[in-house]
Amino acid sequence: MEGTPPFMGPYEHDYHDQHLHGVLPPLTTAPPLLAALITECLFRAPQGRPAAGNVLARLGQIPTAPLSGGLAALAQANQGAVARQAEADRRASAHATEADRRKALLDAATTSFSFIADAVLTTLTTAAPSAEVRKGNQGGWTVRINDAQLTLSGPRETAPEVWSTTSTPAPFDVIASATLSLKVPANYHGYEGRSHSLWYADAQTKNQYQWFETAFMDTPLRATSRTMEPFAFDPHHESRAAVSPGMMMHQVAWPFTPLVIGDLDEFISRWADWLAQAATGRLAHPSRMPERDPQGSWRR
Numbered sequence: 001m002e003g004t005p006p007f008m009g010p011y012e013h014d015y016h017d018q019h020l021h022g023v024l025p026p027l028t029t030a031p032p033l034l035a036a037l038i039t040e041c042l043f044r045a046p047q048g049r050p051a052a053g054n055v056l057a058r059l060g061q062i063p064t065a066p067l068s069g070g071l072a073a074l075a076q077a078n079q080g081a082v083a084r085q086a087e088a089d090r091r092a093s094a095h096a097t098e099a100d101r102r103k104a105l106l107d108a109a110t111t112s113f114s115f116i117a118d119a120v121l122t123t124l125t126t127a128a129p130s131a132e133v134r135k136g137n138q139g140g141w142t143v144r145i146n147d148a149q150l151t152l153s154g155p156r157e158t159a160p161e162v163w164s165t166t167s168t169p170a171p172f173d174v175i176a177s178a179t180l181s182l183k184v185p186a187n188y189h190g191y192e193g194r195s196h197s198l199w200y201a202d203a204q205t206k207n208q209y210q211w212f213e214t215a216f217m218d219t220p221l222r223a224t225s226r227t228m229e230p231f232a233f234d235p236h237h238e239s240r241a242a243v244s245p246g247m248m249m250h251q252v253a254w255p256f257t258p259l260v261i262g263d264l265d266e267f268i269s270r271w272a273d274w275l276a277q278a279a280t281g282r283l284a285h286p287s288r289m290p291e292r293d294p295q296g297s298w299r300r
């Protein structure tokens, strides 16, 4: 009728995204009553589409001659109302689709987290079988040796509106987060250990989600003293500012490092070494911050 397809692609994934979230172009050559009916039949929510009997009845009522005067104006107004409803329906469908997408990603994050948590705990307790172990929520745990306590929290879902907003978008998406912290009794400088963030995010490649390890620090221009350094951040406005361009109050102190199931040797060995230092009273404040250059380890 219009002479062109509703969506232009050009690739398969483009068509898929356009059919899910795209705005149908208005029908300009069809009579208003027919255009309104076609638009209603294309509502994404099935419950919003007219029933088959309604379609047949309305098709039979569409005049063959163009409407004129007040009837033409009323038909145009009706077509506009249907178009607005179609846009509201598109937004609701997009919201539901996004919620389903995030739910599936959260399930994937929880499953992969359990493999990581179990691998770390098994390796640590094999090397230190006398360590005190307490299981936590959502697959988390605490390992205690002497006065050193290493705790892995369970994964927490990240609310998208907390991490990224229309006015302050984030450079990448975060689905869930956890915290790995090593705590010791405060030394004479007040230092009590360190904590790192674990984020399930597409931090390096768009739409490729996995767990990343990172950590944060205060900007050197800020005269502050923390008992834990570097420290973990949940995904929120402060950590979003740290990964955004510009000099902010907080900075990334550890590169975004992928946690690859089956290839966790460096990650586990490093934390085992820090735990051993903490258990023997040798854990000290990092000699420099950041300890490893984080630049370029996440997409901006």
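The numbering of the sequence shown is UniProt numbering, which starts it at 1 and goes up by one.
The beta-carbon is built from N, C-alpha and C at its ideal position, and this holds for glycine as well.
Just so we're clear, the structure is a prediction, and the values are computed from it rather than from any experiment.
Mapping the DSSP letters down to three states, classify residue i as helix, strand or coil.
i    : result
D218 : strand
I116 : helix
F231 : strand
H250 : strand
W141 : strand
T257 : strand
N159 : One detail in the question is off: residue 159 reads as Ala in this sequence, not Asn. In this structure, A159 counts as coil in the three-state DSSP scheme.
A99  : helix
M33  : Rather than Met, the amino acid found at residue 33 in this sequence is Leu. L33 falls in the helix class under three-state DSSP.
S197 : strand
A203 : coil
S269 : helix
E192 : coil
L182 : strand
L283 : coil
D107 : helix
Q208 : coil
Taking all protein chains shown into account, decide if residue i is buried (16 or more other Cβ within 10 angstroms of its Cβ) or exposed.
i           : result
L74         : exposed
H196        : buried
S269        : exposed
T214        : buried
S68         : exposed
A284        : exposed
S239        : buried
R194        : buried
P230        : buried
E87         : exposed
residue 303 : Here the chain has residues from 1 to 300 only, and residue 303 is not among them.
P32         : buried
With which residues is residue i paired in a DSSP beta bridge?
i    : result
A57  : Note: A57 sits in no beta bridge, so no partner.
V243 : BP columns for V243 are empty, so no partner.
A148 : I145
V133 : V143
S177 : R156, W199
E213 : L198, T257
Handout entry: At least three beta-carbon pairs within less than 8 Å, the stretch 211-223 to the stretch 237-255
Key = With the cut-off at 8 Å, the stretch 211-223 and the stretch 237-255 touch.
Practice task
Check whether the stretch 173-180 touches the stretch 105-115, taking contact to mean three or more Cβ pairs, one atom from each stretch, closer than 8 Å.
Solution key: Cβ pair count under 8 Å is three or more, so yes.
Exercise for the section: Say whether the stretch 257-267 touches the stretch 112-123, bearing in mind that this needs 3 or more beta-carbon pairs closer than 8 Å, one atom from each stretch. Expected result: The stretch 257-267 makes contact with the stretch 112-123: 3 or more CB pairs, one atom from each, lie closer than 8 Å.
Handout entry: the stretch 145-154 in contact with the stretch 291-298 per 3-pair CB rule at 8 Å
Key = With the cut-off at 8 Å, the stretch 145-154 and the stretch 291-298 do not touch.
Practice task
Specify whether the stretch 183-202 and the stretch 118-133 touch according to this definition: at least 3 beta carbon pairs, one from each stretch, less than 8 Å apart.
Solution key: No: fewer than three Cβ pairs fall under 8 Å.
Handout entry: Inter-stretch contact at 8 Å, needing at least 3 Cβ pairs: the stretch 177-192 / the stretch 150-167
Key = They touch, by the three-pair rule.
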